[in-house]
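Heads up: the sequence shown begins at 1 in the UniProt record's numbering, then just goes up one per residue.
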Amino acid sequence: MSVIPHDLLPRLAERLVNARPRPMKGTIRSIRGVLLRASVAGVHIGELCQLREPGSGRSLAAEVIGFEDDEAILSPIGSMDGLSTRTEIIATGETLGVSVGDAQLGRVISPMGEFLDGSPPLGGLLRYPLHAEPPAPFSRQLIAHPMSLGVRSIDGLLTLAQGQRMGIFGEPGVGKSSLLASIVRNTNAEVIIIALIGERGREVRELLDVQMGAEARRRTVAVVATSDRPAAERVRAAFVATALAEYHRDQGRHVLLLMDSLTRFARAQREIGLAVGEPPTRRGYPPSFFSALPRLLERAGPGETGSITGLYTVLTEGDASMDPVAEETRSILDGHIVLSADLAQRNFFPAVDVLQSRSRLMDQVCGDEQRHLAMRMRELMARRNEIEMLIRVGEYAAGSDPLADEAIARHAAIEAFLRQGANEPSSPDETLKHMRRVMA
1 MSVIPHDLLP RLAERLVNAR PRPMKGTIRS IRGVLLRASV AGVHIGELCQ LREPGSGRSL
61 AAEVIGFEDD EAILSPIGSM DGLSTRTEII ATGETLGVSV GDAQLGRVIS PMGEFLDGSP
121 PLGGLLRYPL HAEPPAPFSR QLIAHPMSLG VRSIDGLLTL AQGQRMGIFG EPGVGKSSLL
181 ASIVRNTNAE VIIIALIGER GREVRELLDV QMGAEARRRT VAVVATSDRP AAERVRAAFV
241 ATALAEYHRD QGRHVLLLMD SLTRFARAQR EIGLAVGEPP TRRGYPPSFF SALPRLLERA
301 GPGETGSITG LYTVLTEGDA SMDPVAEETR SILDGHIVLS ADLAQRNFFP AVDVLQSRSR
361 LMDQVCGDEQ RHLAMRMREL MARRNEIEML IRVGEYAAGS DPLADEAIAR HAAIEAFLRQ
421 GANEPSSPDE TLKHMRRVMA
């Protein structure tokens, strides 16, 4: 039996510490729709793999999302064009993450962290997990301060709190993108993170380069996955934007996270779930969607120091109560802003239906005077809606109902308060003064 010299042991130990295990490799067995199945041993759920085509040298990232028999199911993050049975699959042993840092402000990035605005790559960025746990309930700060968006109908009658999560519900064409652009320009948030998921490329350029404005752009990071991108990329965009917002919250900043749209995130999640073989449930959505949605939305909100105020747009068609995305989102979020197609048809913007909208945290962050004025304005608006038909046919008799008389008298002033141009910001003080004038 040979004896290892003592002076050799330290060198062997150093080599063992610095040794890199040989990566596990595999090959593609089949491609079905948006997923591929591969024979690669030792991988686990959530692991990142690299797909390399020997001939061209092309590389593509893919995430392990499931197993079937002895095969791993992978979701490629990017186009699968050019993949073949010769493509090598290399297990990295890493999970999905995202690069974060202050230097990203003012930039437009893809869900994989590539800069889409032609800017050079950045160094010195930190690495954040893509699927982080939400802050523990008792580590969150209590809601205490309002968040100004610069929109009178919201700041005055549907006041948001720092750390609140709100849904913006509306049909296509009711002005969601214009409202978001106005909010980005006029909000008092320190940092703005925008996730544009499933949008048309033309609209992305218009929002970022035309509607947003240079000052807002400097404090904004945009994560873009247009409608032509693979489902895995569209899903990843939502989690990347949330991770970026978490980084800035951890720095003690008050962040505004805008996600347009949550519906297209849901559809991408449905596409992946059905391709894996999950059973369809309501409107074809698989069970994985109903677990992914709260995991995403619960990560927003207040933290130990900073906060993430989340605004998530939801596309609705017909009866919103029959839409599982809209219904599930309402049950999780802290309020909802409904955009009315009727108001949009009248060229009334922002088309916020105040009576159908609600902020659950408004009473915690606004003063007694504003709360009283908002309650009174809503009461008059509701009464005016009730007698709308009588007014149109000339059957309403003035003097028969004092509340209705006041609603009619103040109707024009209330509508002038609610109607606001895209380039007409209103500070919280200006909004409150306007409410006083309306109700004087």
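Even glycine gets a Cβ: it sits at the ideal position worked out from N, Cα and C.
Taking residue 363 as the centre and dropping the five residues before and after it, the same chain places the C-beta of 371 closer than 7 Å to its C-beta, in chain order.
Linking residue 401 to residue 323 through their CA atoms gives a straight-line distance of about 39 Å.
Residue 46 is positioned such that its CB atom lies closer than 8 Å to that of residue 63. Between residue 169 and the set 218, 341 and 143, the nearest pair of CA atoms involves 341. If you ignore the 5 residues before and after residue 100, its C-beta comes within less than 7 Å of the C-beta of 125, 126, 128, 243, 244 and 247, all in its own chain and listed in chain order.
With distances taken between CA atoms, residue 439 lies nearest to 381 out of 31, 206, 381 and 397. In the DSSP assignment, residue 27 forms a beta bridge with 39 and 88. Within the segment 95-136, the runs of beta strand (DSSP E) at least 3 residues long that lie entirely inside it are, in chain order, 97-100 and 126-129.
Collapsing the DSSP output to three states places residue 285 in coil. Restricting attention to beta strand (DSSP E) runs no shorter than 3 residues, the segment 176-212 encloses them at 191-197, ordered along the chain. For residue 328, same chain residues with a beta-carbon under 7 Å away, outside a window of 5 residues either side, are 290 and 293 in chain order.
Counting every other CB atom within 10 Å of its CB across the protein chains shown gives residue 30 a total below 16, marking it as exposed. A distance below 8 Å between beta-carbons, with the five flanking residues on each side excluded, links residue 55 to the following residues of its chain, in chain order: 86. Residue pairing of residue 160 in beta bridges, as defined by DSSP: 147. The C-beta of residue 186 has 16 or more other C-beta atoms within 10 Å across all chains shown, which makes the residue buried. Bounds of any alpha helix (DSSP H) do not take in residue 304, whose DSSP letter is neither H nor E.
Only residues of its own chain outside the window of five on either side were considered, and among them 23, 24, 40, 42, 43, 47 and 49 have a CB closer than 7 Å to the CB of residue 91, listed in chain order. Per the coordinates, the alpha-carbon of residue 337 lies some 43 Å from the alpha-carbon of residue 59. Within the same chain, Cβ atoms closer than 6 Å to the Cβ of residue 349 are found at 175, the five residues on either side in sequence being excluded. Pairing residue 314 with residue 261 gives a Cβ-Cβ distance under 8 Å.
Annotation for residue 50: no alpha helix (DSSP H) segment contains it, though the beta strand (DSSP E) segment containing it runs 47-52. Between residue 223 and residue 235, the CB-CB gap reaches or exceeds 8 Å. For residue 142, there is no enclosing alpha helix (DSSP H), as DSSP marks it with neither H nor E.
The alpha-carbon separation between residue 259 and residue 397 amounts to approximately 47 Å.
Boundaries of the beta strand (DSSP E) harbouring residue 71: 71-76, taken from the DSSP string.
The beta carbon of residue 172 is closer than 7 Å to those of 315 in its chain, skipping five residues each way along the sequence. Here residue 254 is bridged, per DSSP, to 307. Shown here for residue 407: same chain residues with a beta carbon closer than 7 Å to its own, the five before and five after excluded, namely 380, 383 and 384 in chain order.
DSSP lists no bridge partner for residue 369. For residue 434, no beta strand (DSSP E) segment is defined; the enclosing uninterrupted segment is the alpha helix (DSSP H) at 428-439.
Within the same chain, and ignoring the five residues on either side of residue 427 in sequence, the residues whose Cβ sits closer than 8 Å to its Cβ are 148 and 150. When C-alpha distances from residue 404 are compared across 354, 389 and 417, the shortest belongs to 389. Spatial neighbours of residue 305 in its own chain (CB-CB distance under 7 Å, excluding positions within 5 residues in sequence) are listed in chain order as 252.
With 16 or more other CB atoms across the displayed protein chains lying within 10 angstroms of its CB, residue 198 is buried. When rounded, the separation of the alpha-carbon atoms in residue 299 and residue 250 is 12 Å.
Counted as a single uninterrupted DSSP element, the beta strand (DSSP E) harbouring residue 60 occupies residues 59-68.
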